[in-house]
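Below: one structure, written as structure tokens.
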DNA sequence: TTGAAAGCGTTACCAA
DNA sequence: TTGGTAACGCTTTCAA
């Protein structure tokens, strides 16, 4: 029994299958990869042998020989729960049909040079595709490396050079403008704004939309009403506390992410400010939070799973560069409908 | 220039490095793997060559030759946002220090045989370790396969055979008992319970804790108060609606996950039932929801990131089988403190 | 439609 | 402390 390892313990390999089926290993390979030019009868015989031996081709060997990793990488940094979940949910369907695994690489956003870490990973694993989220989506060195390596890549919510690669996003500026305008139409004049993390392009896009809507409505800008956040609950809470402590506090606060909006609600709760009643709160993102919260939160709905699914599609179809805009929509709720200032 | 590919485009390989450094490839391999028996001077020379060439060892080749994949797999099914996020957050630190990537495999819980999918993946990628979450954590066929392959694996919240592998969990039964008892001490007598997804062992553990506390308090069991859920918001909402529609509705509802609790809140909101006031709501899990929700939700705090971090530790230290209990704690809030029935 | 043999880029065994 | 050289399990090129 020098032959293969048809016995119990060891994994069967392609050679075991080939001898069991009485064909060459190349033919087995053809069956594995669903190539043409295999007689149905031969194919059936090979498949039977594979099943009998419980054979699964080694991903490592295929990767080495074939140059395909059978994996794509999702690069993200400190993602919030709903964001991360939405991304993975949006990607997994396509990954399954393409028979590719998903490697989630959470790089350290505040590292010296986050791009270096990501580039290093890319050279080692040489993935079949990469999905980039902010802020690494805007790292030119990473994009260069990907291009040189010929690795397909897609960016979600790019902040710069949107035409350089395939990309998907909502129109963040328009979305923030819409929400701000909706709050204004409800009668609000003093609207606080919580800015997202500095490293993200979308943060300034959203701020721009807010400023734009104020300007259009002829409302003078009060910079005290604009507070820095970092896309997470604690920073939103801190920003909310600063806003509520103002001599003339806002009647509405628009936090440019739902996590920050949740923080604002917590701050209001803590300060004994009634929501709704004395304060309206609006957020930004696609989370069940808005659904679950009571009082409800108005929110800009950004369908992350759809963005991710579209990104997967662009990746596997080797789509042309260019930004695809996914529609957003406003979800206005009672908290804003009952304007404290009105 | 037959030699290697020191030129621009192509990736440098171990051979390029060895000739650049004037050593054998085996020595380069030693440096890569941080083995002993390399003179510091030699090591330095090799490292310089690697840096100059921008060399990164191919993960595929290392995997094939070395039998290590440099990846671990996280197996989970339809995880909620906070759960998924907590798992990944808890695992990533250790993955980074161990220089291992994380493959997230979301299998289909309701597939014909979810275990088959998972087993197939395992044979193909042959990971260095596997973290299993319910319900696949209780799939004996998967555990057998893992054992045969000699792949280290850790289970989170196992439902059966807890001593068979290294595992981590909170004491779900005790936790549910504690929460139920706390509600009883607040004066509640009619306490609704929303059961988790059927396929999860923890669902029955939590139900057992609830029943236990009722029995200890001498409260007769009313099965109308026990409603099936599925660990998500919609099912919680539906269960909440059924409970609130009872002729004699409960004064408190303990949903055995926070997502379901959020659904209960939504149901109460919809039905015009004041929380707190006419209803207290308690949940189960570690989410900022409890923090953000207003009215606040009492909750059993299950620190998922800590469970995951502990799991990673067990994985990489090849720990002995056995269940490690992580302490839970109750977070009681106003909604329960103000007992409607009192 | 099938097969033989040459890689792919490492690690591992055994010598030196 | 170092270096040959055979695996590792597959894909691919070229013949047949």
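Chains as they are written, first to last, in this note's numbering: chain A, 47 to 388; chain B, 47 to 388. Don't be surprised by glycine CBs; every beta carbon is placed ideally from N, CA and C.
- Interface with chain B (8 Å Cβ-Cβ cutoff): residue 171(A) is included.
- Per DSSP, the continuous alpha helix (DSSP H) segment holding residue 362(B) begins and ends at 350 to 362.
- Listed in chain order, the alpha helix (DSSP H) runs fully inside the region 128 to 214 of chain A are 160 to 171 and 186 to 195, counting runs of at least 4 residues.
- Residue burial is scored here from C-beta neighbours: residue 86(A) has fewer than 16 other C-beta atoms within 10 angstroms and is therefore classed as exposed.
- Excluding its 5 nearest sequence neighbours in each direction, residue 263(B) has C-beta neighbours in its own chain below 8 Å: 227 and 230, listed in chain order.
- Per DSSP, the continuous beta strand (DSSP E) segment holding residue 345(A) begins and ends at 344 to 347.
- Contact residues of the region 125 to 136 of chain A toward chain B are 125, 126, 127, 128, 129, 130, 131, 132, 134 and 135 (C-beta to C-beta distance below 9 Å).
- Segment contact: the region 340 to 354 of chain B against the region 364 to 377 of chain B, three or more CB-CB distances shorter than 8 Å; contact assigned.
- Residues of chain A whose Cβ lies closer than 9 Å to the Cβ of residue 57(B) are, in chain order, 169, 172 and 195.
- Around the beta-carbon of residue 81(A), fewer than 16 other beta-carbon atoms lie within 10 Å, marking it exposed.
- When the Cα atoms are used, residue 123(B) and residue 158(B) turn out to be separated by approximately 14 Å.
- In the structure shown, residue 375(B) falls within a strand segment according to DSSP collapsed to helix, strand and coil.
- By the criterion of a C-beta distance shorter than 6 Å, residue 147(B) is surrounded in its chain by 117, once the five residues flanking it on both sides are discounted.
- By the C-beta criterion, the region 62 to 69 of chain A is judged to be in contact with the region 89 to 103 of chain A, since at least 3 inter-stretch pairs fall below 8 Å.
- The Cβ atoms of residue 366(A) and residue 212(A) sit closer than 8 Å to each other.
- Under the Cβ distance rule, residue 103(B) counts among the residues neighbouring chain A, one pair being separated by less than 8 Å.
- Taking 8 Å as the CB threshold, residue 148(A) lines the interface with chain B.
- The three-state reading of DSSP puts residue 229(A) in helix, counting H, G and I together.
- Not a single C-beta of chain B is nearer than 8 Å to the C-beta of residue 260(A).
- When secondary structure is reduced to three states using DSSP, residue 298(A) falls in the strand class.
- Per DSSP, the continuous beta strand (DSSP E) segment holding residue 329(A) begins and ends at 326 to 330.
- Only residues of its own chain outside the window of five on either side were considered, and among them 77 have a CB closer than 6 Å to the CB of residue 89(A), listed in chain order.
- When the Cα atoms are used, residue 303(B) and residue 57(A) turn out to be separated by approximately 41 Å.
- Residue 129(A) and residue 266(B) have their C-alpha atoms spaced approximately 44 Å apart.
- Close CB contacts of residue 379(B) within its chain, under the 6 Å cut and outside five residues either way in sequence, are with 342 and 344 (chain order).
- Here the alpha carbons of residue 359(A) and residue 201(A) stand approximately 12 Å from one another.
- Nearest in C-alpha terms to residue 178(A), of all of 170(A), 169(A), 172(A) and 164(A), is 164(A).
- With a contact defined as Cβ atoms closer than 8 Å, residue 273(B) and residue 238(B) qualify at about 7 Å.
- When Cβ-Cβ separations below 8 Å define contact, residue 360(B) makes no contact with chain A.
- According to the DSSP assignment, residue 310(B) belongs to the alpha helix (DSSP H) that extends over 304 to 317.
- For residue 109(A), the nearest beta carbon of chain B is closer than 8 Å to its own beta carbon.
- In the three-state scheme derived from DSSP, where H, G and I count as helix and E and B as strand, residue 257(A) is classed as helix.
- Residue environment analysis places residue 206(A) among the exposed positions, since fewer than 16 neighbouring C-beta atoms fall within 10 angstroms of its C-beta.
- Closest in alpha carbon position to residue 251(A), among 204(A), 279(A) and 283(A), is 204(A).
- DSSP, read as helix, strand or coil, puts residue 292(A) in coil.
- Taking the Cα positions, residue 354(A) is about 22 Å away from residue 279(B).
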